[in-house]
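Accompanying notes for the structure given below.
Numbering (my numbering), first residue to last: 13 to 206.
Below is the structure:
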């Protein structure tokens, strides 16, 4: 338990650091990181419903869940970034439309990964025999967290849009918006990079 007191915050910090290294943007990394508390809530609900006493195996399951929890957020945020890099965004409405479209195109892959994870955990949850009690204890928070985790498919685009909207309305500098705004039209009507 004493090791877990510093191990779990360390895992969360490493997780956030990996998100930051991927996006090179603290607010976007925090947006993606929102999948972790959402999944944590689902894992705690599953543990409470099953009436399992908190033990080391369950906390190890939560550590595994933290690694899986932000996958959908990374898929969605990466695609939103990709879409924004390729579009000219001048207004909030254009920003919302781009993020909405990007979010819709990534719902199916996110659901597929979540469903395959849940299906893969079913044999562990129903296992019997030697070591099954420990394996079930580790799988339970992951299963509960992954049931709730698809909500991050809605949270991440919404928070991403709110952040970008704030920057657009405030006139603050943003690399993605500048990439799209740096495009100018040449004399023959073709769009070229400035």
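Glycine residues also receive a C-beta, built at the ideal position from the N, C-alpha and C atoms.
Here the structure is a predicted model, which is why all the values come from computation and not from measurement.
| Item | Value |
| --- | --- |
| Supposed close pair residue 233, residue 137 - CB separation, criterion 8 Å | Outside the modelled stretch of the chain, which goes from 13 to 206, sits residue 233, for which no answer is possible. |
| Best match in 15, 185, 126, 176 for proximity to residue 79 [C-alpha to C-alpha] | 126 |
| 8 Å CB neighbourhood of residue 151 in its chain, flanking five on each side removed | 73, 133, 136, 137 |
| Segment contact flag, the region 112 to 126 with the region 87 to 99, C-beta cutoff 8 Å, min 3 pairs | yes |
| Inter-stretch contact at 8 Å, needing at least 3 Cβ pairs: the region 44 to 64 / the region 137 to 146 | no |
| Alpha carbon of residue 20 to alpha carbon of residue 102, nearest angstrom | 42 Å |
| Helix, strand or coil at residue 67 according to DSSP, with G and I counted as helix | coil |
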